[in-house]
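Working notes, beginning with the structure itself.
Numbering (our numbering), first residue to last: 3 to 445.
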């Protein structure tokens, strides 16, 4: 073990609270869109909810590169190889920036057949396409945003990302207030795009101010095929886990769309509360990812085990308390979005299932990030593809249609998927296989 503890012995609270506030603000951006739109049109809510499913998928494509960059930079910093880490700044920015242009053109052209295939309700289809195409124009901004954010987080600069989220959220609310009454879903899309452009500008400012490191063609020329292969060999499996989840969720959304607009909107509103339930777990998992990445780079495996064990306890306890609290308050909260009794009753039932689902998801958030940043990138992806499609999607079909349980059946299937993967991933971490898979020590 190398004596480099000062590089990664960060306070968990110091790293977690900015991430938590950032996540709160990110969710607020999406929730404010839905809330402000719901005051004008339930059809608009359906349109935005379906479009965001594909937008999330595109962001996951960008995360293939940004997640790999975070993992590699964290390990190289932990190993004391700062010059090696710098190469991945320019490489990741170049790859994501280039890919974003191609994806913008592809998805703008494919929007109508794509959402038709997803069985978006006819009354929401045109708004869904309009919203999506406006957002797609700014994929370049999204790509650079997630990449700069990953670089800063690898250096444990969490407060900077939080500050950017504050600005983005305030601008988004202001934009919605000004544009939704006259432009509807187009106003929501334009407001979101403008706020993210401002956020990217602030991230670049913090990157220059905090790291004092040049990026560009001069650095890119020092990068060879070895670095490209290394980035992709990590990014593709790492991104594959998230892509599989999102694709399975798109499949599940097709099932939910078949159940009607009430089911779709209930899923959207429950999803907002579900995001709140997992806030602490996601925040803790992002913090521990940086700690474990630096520790793995320094080959301090005992310390990595210790921090993962404690963070797992914090994450599951916080998720349980939050999900129980939100179940108790779900009635009044849902009534903010809608007064339809069918949605209120169904949402309350699903929030009970959410308590079990969020326990599994809390474990998965911590374990997946810890395994990936340690170098064990393939196993979580293999498990995700297997379980998400056979359990989450497969049982959703069976429970929703075969047993006639509708949206509740879909939630039971997703809860089963999360819990099964949680126990398998804890076993995988316990085996210690990840200790033989670090990148920085072999560079």
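Note that the Cβ used here is the ideal one computed from N, Cα and C, for glycine as well.
Could you check if residue i is buried or exposed, using at least 16 other CB atoms within 10 Å of its CB as the buried criterion?
i, result
"residue 308", "exposed"
"residue 382", "buried"
"residue 239", "buried"
"residue 109", "buried"
"residue 231", "exposed"
"residue 41", "exposed"
"residue 360", "buried"
"residue 347", "exposed"
"residue 85", "exposed"
"residue 149", "buried"
"residue 13", "exposed"
"residue 311", "exposed"
"residue 323", "exposed"
"residue 179", "exposed"
"residue 162", "buried"
"residue 260", "exposed"
"residue 304", "exposed"
"residue 341", "exposed"
"residue 243", "buried"
"residue 269", "buried"
"residue 5", "Low confidence applies here, because residue 5 scores a pLDDT of 43, under 50, leaving its location unreliable; read the following figure in that light. So residue 5 ends up on the exposed side."
"residue 339", "buried"
"residue 103", "exposed"
"residue 281", "buried"
"residue 433", "exposed"
"residue 24", "buried"
"residue 429", "exposed"
"residue 408", "buried"
"residue 1", "Residue 1 lies beyond the stretch modelled for the chain, which goes from 3 to 445, so this question has no answer here."
"residue 46", "buried"
"residue 349", "buried"
"residue 207", "exposed"
"residue 431", "buried"
"residue 141", "buried"
"residue 406", "exposed"
"residue 241", "buried"
Just checking my contact of residue i with residue j at CB under 8 Å: how many whole Å lie between their CB atoms?
i, j, result
"residue 330", "residue 286", "23 Å between Cβ atoms; not a contact."
"residue 227", "residue 120", "Contact doesn't hold; Cβ gap of about 38 Å is too wide."
"residue 63", "residue 101", "7 Å"
"residue 374", "residue 229", "In fact, because the Cβ distance is near 19 Å, the residues do not count as touching under 8 Å."
"residue 87", "residue 93", "About 11 Å; that fails the 8 Å criterion."
"residue 191", "residue 133", "5 Å"
Can you give me the Cβ contacts of residue i inside the same chain, cut-off strictly under 8 Å, excluding the 5 residues immediately before and after it?
i, result
"residue 8", "Per-residue confidence for residue 8 stands at a pLDDT of 47, beneath the threshold of 50, marking its modelled position as unreliable; no derived number is given."
"residue 147", "198, 201, 202, 205"
"residue 326", "357"
"residue 355", "410, 413, 414, 417"
"residue 328", "275, 278, 279, 335, 353, 356"
"residue 376", "294, 295, 298, 306, 436, 437, 439, 440"
"residue 194", "31, 35, 137, 174, 177"
"residue 368", "283, 286, 287, 290, 310, 313, 314, 317"
"residue 159", "208, 212"
"residue 37", "338, 339"
By Cβ distance, which residues of its chain are closer than 6 Å to residue i, with the 5 residues on each side in sequence left out?
i, result
"residue 415", "394, 397, 398, 401"
"residue 288", "21"
"residue 156", "72, 75, 76"
"residue 424", "362, 365, 366"
"residue 236", "70, 73, 379"
"residue 209", "150"
"residue 446", "There is simply no residue 446 to check, as the chain begins at 3 and stops at 445 in what is shown."
"residue 166", "201, 204, 205"
"residue 58", "248"
Spatial neighbours of residue i within its chain, please: CB distance less than 7 Å, with the 5 preceding and 5 following residues excluded, ordered by chain position.
i, result
"residue 390", "246, 247, 250, 419"
"residue 117", "52, 127, 130, 131"
"residue 135", "110, 113"
"residue 138", "106, 109, 110"
"residue 18", "285, 286, 289"
"residue 168", "27"
"residue 422", "389, 393"
"residue 48", "123, 126, 263, 266, 267"
"residue 153", "71, 75, 91, 209"
Consider the C-beta atom of residue i and the heavy atoms of the ligand MN; say whether any pair is separated by less than 7 Å.
i, result
"residue 135", "Summarising the ligand content, the structure contains no ligands, and the ligand MN is consequently not present."
Original post:
Taking one C-beta from the stretch 332–342 and one from the stretch 270–281 each time, how about it: are there three or more such pairs within less than 8 Å?
Top reply: yes
Original post:
Do the stretch 207–216 and the stretch 178–189 touch if we need at least three Cβ pairs shorter than 8 Å?
Top reply: no
**OP:** State whether the stretch 93–109 contacts the stretch 57–75, with contact taken as three or more CB pairs (one from each stretch) at a distance under 8 Å.
**Re:** yes
Original post:
Do the stretch 48–67 and the stretch 291–311 touch if we need at least three Cβ pairs shorter than 8 Å?
Top reply: no
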